[in-house]
Ligand code: GLA
């Protein structure tokens with residue numbers, strides 16, 4: 058009896074050691090990105106003209122990675138208003154159709170980007186041929202017509218729509234509650250406000266509400282997103298919740314998610330800021346989508362942390378330190394920071410539906426040209442030869 062107990066104990070111990078060994082081995086092993094997060098959130102990438110419409114070695118490599126590593130895709134520039142309706146009533150769906158078809162063949166969930174934005178939107182949406190601003194009714198008609206035609210066309214194919222992009226901005230204003238500076242000038246504080254976009258000027262603040270209503274009418278099953286940069290700034294995220302999410306929900310207007318673009322830097326934002334914003338959005342009962350993730354390794358030009366594509370700074374040598382190549386050490390630091398982002402995302406997986414990278418390889422990133430033209434940045438998971446970087450390994454492990 059005693060002998061049998063001993064034998065049993067020995068087998069149990071052996072089994073335990075084997076299990077521990079297996080766990081340790083698996084912990085160090087890599088899987089495909091989409092598989093690594095498959096029970097948590099979708100993993101997406103934005104691709105556009107360069108890969109979808111042109112055939113080249115690079116396009117082949119990028120599309121191979123897209124199909125293999127990701128389960129979701131965003132239409133980069135291909136579904137922006139300027140691409141889909143360059144002139145009133147002249148819809149040019151051809152390229153977007155190709156994009157959607159490709160996504161279907163690769164079995165990727167599709168994010169349509171973007172229905173309503175102040176940028177990459179032809180002027181006819183807001184003014185007549187002589188440059189005179191349209192009336193509110195004419196503006197609403199253009200808004201309705203564009204959203205209706207586009208969303209209906211891709212009904213059942215585009216699962217997620219960025220309905221409105223970047224409707225909120227932040228500026229510094231005098232703070233009357235603070236004593237003045239020693240030189241007598243008033244202290245400043247950040248204040249969020251509805252961006253002075255042509256949509257706001259022509260239609261008024263309810264253009265956001267109308268856009269969400271029109272999108273929902275056109276495809277009641279589509280998941281509708283408000284998308285913006287700088288969403289880790291408490292002033293901005295609070296404004297979005299207070300002035301967009303809550304009022305729309307109160308009126309019964311369909312808004313499912315808020316997109317935090319996530320064009321981030323090594324120095325900013327703080328991890329606590331990222332986490333707090335996710336928690337605030339979750340408490341406001343919207344899902345969080347990380348919609349345009351990239352992590353620049355370059356010095357922040359003049360402290361600019363935004364992503365307003367009209368911002369430009371002059372190129373100076375000290376702003377472009379890695380034009381001949383990037384030290385391994387910096388890539389490792391980037392990997393650790395990416396990993397810290399994903400640790401937060403994983404711990405909030407119930408609230409996060411998707412994490413999308415803005416591009417596939419470092420060479421295609423818009424960060425090479427923003428906010429300073431002509432720099433060499435390394436913000437994504439794959440290098441200029443489409444090879445995985447330390448950041449990729451840190452996330453796939
Ligand atoms: C913003 C937009 C995107 C894209 C990027 C920069 O974040 O939402 O569509 O234009 O800027 O490329």
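In the numbering used here, the protein residues as written are 58 to 454.
Each residue gets a CB set at the ideal place from its N, CA and C atoms; glycine is no exception.
Is it right to say residue i is buried, meaning 16 or more other beta carbons lie within 10 angstroms of its own, or is it exposed?
i, result
"residue 437", "buried"
"residue 86", "exposed"
"residue 29", "Beyond the ends of the chain as shown, which are 58 and 454, falls residue 29; an answer cannot be given."
"residue 137", "buried"
"residue 260", "buried"
"residue 80", "For residue 80, the predicted model reports a pLDDT of 48, less than 50, meaning its position is unreliable and no value from the coordinates is stated."
"residue 262", "exposed"
"residue 324", "exposed"
"residue 372", "exposed"
"residue 130", "buried"
"residue 447", "buried"
"residue 170", "buried"
"residue 250", "exposed"
Given a cut-off of 7 Å, decide if residue j and residue i are closer than it, judged by their beta-carbon atoms.
i, j, result
"residue 457", "residue 201", "No statement about residue 457 is possible, as the shown extent of the chain runs from 58 to 454 and does not include it."
"residue 222", "residue 284", "yes"
"residue 133", "residue 160", "no"
"residue 153", "residue 135", "yes"
"residue 286", "residue 318", "yes"
"residue 111", "residue 203", "no"
"residue 167", "residue 268", "no"
Between residue i and ligand 1, is the CB less than 6 Å from at least one heavy atom?
i, result
"residue 222", "yes"
"residue 248", "no"
"residue 282", "no"
"residue 461", "As displayed, the chain neither begins before 58 nor continues past 454, which places residue 461 out of reach and without an answer."
"residue 153", "no"
"residue 364", "yes"
"residue 423", "yes"
"residue 520", "Within the shown structure, residues of the chain are numbered from 58 to 454, placing residue 520 beyond reach of any answer."
"residue 115", "no"
"residue 318", "yes"
Between residue i and the rest of its own chain, which residues show a CB-CB distance below 7 Å, the 5 nearest in sequence each way excluded?
i, result
"residue 94", "100"
"residue 208", "218, 272, 275, 276, 279"
"residue 428", "358, 361, 368, 369, 370"
"residue 425", "432, 433, 434"
"residue 281", "218, 220, 269, 272, 273, 311, 312, 313"
Give every residue of the same chain whose Cβ lies closer than 6 Å to the Cβ of residue i, excluding the five residues on either side of it in the sequence, and list them in chain order.
i, result
"residue 177", "137, 139"
"residue 435", "354, 383, 419"
"residue 338", "315, 345"
What residues in its chain sit with their C-beta under 8 Å from that of residue i, if we drop five residues either side in the sequence?
i, result
"residue 445", "438, 439, 453"
"residue 232", "243, 244, 245, 246"
"residue 117", "none"
"residue 430", "369, 372"
"residue 125", "89"
Contact between the segment 380-390 and the segment 356-363 (3+ Cβ pairs under 8 Å)
Two segments are said to touch when three or more pairs of C-beta atoms, one from each, lie closer than 8 Å; by this definition the segment 380-390 does not touch the segment 356-363.
For the 8 Å Cβ check, are there 3 or more pairs between the segment 399-415 and the segment 328-346?
Inter-segment contact for the segment 399-415 and the segment 328-346 is present: three or more beta-carbon pairs are separated by less than 8 Å.
Three-pair Cβ contact test at 8 Å for the segment 171-185 versus the segment 249-259:
yes
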